[in-house]
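Here is the structure we will look at.
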Ligand code: NGQ
Ligand code: ZN
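Numbering (our numbering), first residue to last: 395 to 859.
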């Protein structure tokens, strides 16, 4: 029977339920989520517990090409900033065909790893000399096509980038592919909107950071975005590095999050990416704004950013989700593991992100990251119920109950084992996006061809860098 799935166990927004019948319509929207039901004859049965698909709320797709290639000492003390110099070198060479190949493969990897959506924070706009392509939307369209080919839901976030530092310092040579005027950005959004709507993609805007967007531009861009779509998501990198906090203080007398909260209407449409360095009052005010904290555990570890204080954020009722950002890791479960482990190491406690209402850490984290991720991707407002609920997209992941790590366990323990008991191979069995099965038995139908194209693109890029 089409458009249905029977799950012996499923993680609903209210927690674990058994014998759940899921049904969706031709638009891929769930029309029925019925617990304690029985399987009508002919309905496919899930091979293990069914989870809501996790949105990956922060991605720079092209960076997947050099994951693992910056892990050597280049300066006496390597840092985020020396990594960025290497990253710019890769970015400076990339062609449209290469970007599409890298992104198609990456999005397939994401699906196989249990992500059903990606928020693409896209700032590589122009050709290597900094000249706009004949079609000014060329590279954005390549990303949309990659998402369509892979079958992942995308929120495209074209990035506004104008200055190299606070105080409107001019962009550097390495940033020439990123720069657009505010008007030009708004024209790009207008140009992309109909195609995004037709594809079912969400379109938003990403002011890159307070370093890269002067205050007037920020104000004008946000007003222009509202005129195009007053519900569009807004993502910004903020307070990732202490050097950035110091530079912001020197420029304005305020810390980045404090400055943003005082100068922009930060609300549930916003995703504050990283927000690693906040003081008490910033944690409180940012959480109360309703914005989502976009935490990228593997990249933040890789780049030596610092720790986000999750218990403090949660104490203020803050929403959050995870992103794989530079894609040093492309694995939804591993991001959750790293986030919890960081908190354990800091506090010398265990099960930090469990709650009284949900003592199972992996279950609590999954539900919260699904809620925050859907809010950040602009697919679900703060007042609607994300995940496996009527009216939501049929984005779901079935684990393999026969997998060595899971065999014989209860459903909540299977999710815990999936996140915390690494067994080298993934226990993700099937993945549906908008009701379409994109991964079956752990395998995406286009994996082999996409992998070959990825390897060829990377070889080319490395030989030129
Ligand atoms: C980026 N990535 O835009 O790719 C940034 C580095 C910057 C992260 N912040 C560049 N992880 O922030 O200037
Ligand atoms: Zn980023």
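Using N, Cα and C, we set each Cβ at its ideal position, and we do this for glycine too.
Keep in mind it's a predicted model, so treat the numbers as computed, not measured.
Where the beta carbon is closer than 6 Å to any heavy atom of the ligand ZN, which residues qualify, in chain order?
452, 454, 515, 631, 667, 719
Mind checking residue 717: buried by the 16 CB within 10 Å criterion, or exposed?
buried
My guess is that residue 678 and residue 710 are in contact by the Cβ rule of under 8 Å, so how many angstroms apart are they, rounded?
5 Å
Is the closest heavy atom of the ligand NGQ to the C-beta of residue 478 under 7 Å?
yes
Would you list the residues sitting across from residue 417 in a DSSP beta bridge?
398, 426
Rounded C-alpha distance that separates residue 683 from residue 673:
15 Å
Indicate whether the contact test is met: 3 or more Cβ pairs, each with one atom in the region 841-850 and one in the region 492-500, closer than 8 Å.
yes
Along the chain, which unbroken stretches of the alpha helix (DSSP H) at least 4 residues long are found entirely within the region 678-720?
691-696, 704-709
Can you say whether residue 395 is buried or exposed, counting buried as having 16 or more other CB atoms within 10 angstroms of its CB?
exposed
Answer yes or no: do residue 632 and residue 651 have a C-beta to C-beta separation smaller than 8 Å?
yes
What residues in its chain sit with their C-beta under 7 Å from that of residue 852, if we drop five residues either side in the sequence?
459
Under the criterion of a Cβ to heavy atom distance below 7 Å, does residue 533 qualify as lining the ligand NGQ?
no
So residue 784 packs on residue 444, CB below 8 Å; how close in whole Å?
Residue 784 to residue 444, Cβ: 15 Å. No contact.
For the alpha helix (DSSP H) that contains residue 578, what are its first and last residues?
576-593
By alpha-carbon positions, which one of 593, 764, 508, 559 ends up nearest to residue 812?
508
Distance between residue 520 and residue 489 (C-alpha atoms, nearest Å):
10 Å
Euclidean distance between Cα positions of residue 451 and residue 513
5 Å
6 Å Cβ shell around residue 815 - same chain, five flanking residues per side excluded
799
As a quick exercise: from 653, 626, 625, pick the residue whose alpha carbon is nearest that of residue 638.
653
Is residue 348 near the ligand NGQ, going by C-beta to nearest heavy atom under 7 Å?
One cannot answer for residue 348 here, as it falls past the ends of the chain, which runs 395 to 859.
Tell me whether residue 434 sits in a helix, a strand or coil according to DSSP, three-state version.
coil
My understanding is that residue 400 touches residue 457, with C-beta atoms under 8 Å, so please give their C-beta distance in whole angstroms.
About 39 Å separates the two Cβ atoms, so there is no contact after all.
With a threshold of 7 Å (Cβ to nearest heavy atom), would residue 634 be considered close to the ligand NGQ?
yes
Do the region 537-553 and the region 592-609 touch if we need at least three Cβ pairs shorter than 8 Å?
yes
Measuring only from the beta carbon, is residue 602 closer than 7 Å to any heavy atom that is part of the ligand NGQ?
yes
Tell me which residues share the same chain as residue 564 and place their Cβ nearer than 8 Å to its Cβ, disregarding the 5 neighbours each side in the sequence.
557, 558
What would DSSP say about residue 568, mapped onto helix, strand or coil?
helix
Of the residues 702, 700, 715, which one's Cα is nearest the Cα of residue 665?
715
Spatial neighbours of residue 779 within its chain, please: C-beta separation below 6 Å, excluding the five flanking residues on both sides.
407
Does the beta-carbon of residue 464, which I'm using as the reference point, lie nearer than 7 Å to any heavy atom of the ligand NGQ?
no
In this structure, what does DSSP give as the bridge partners for residue 548?
512
Among 757, 433, 475, which residue has its Cα nearest to the Cα of residue 636?
475
Quick check: the region 818-831 against the region 467-481, are there 3 or more CB pairs under 8 Å?
no
Have a look at 645, 575, 738, 597 and flag the residue whose alpha-carbon is nearest the alpha-carbon of residue 613.
575
Does the beta carbon of residue 503 come closer than 8 Å to any beta carbon on chain D?
As a matter of chain content, chain D is missing from the structure shown, which is built from one protein chain.
What is the DSSP secondary structure of residue 787, reduced to helix, strand or coil?
strand
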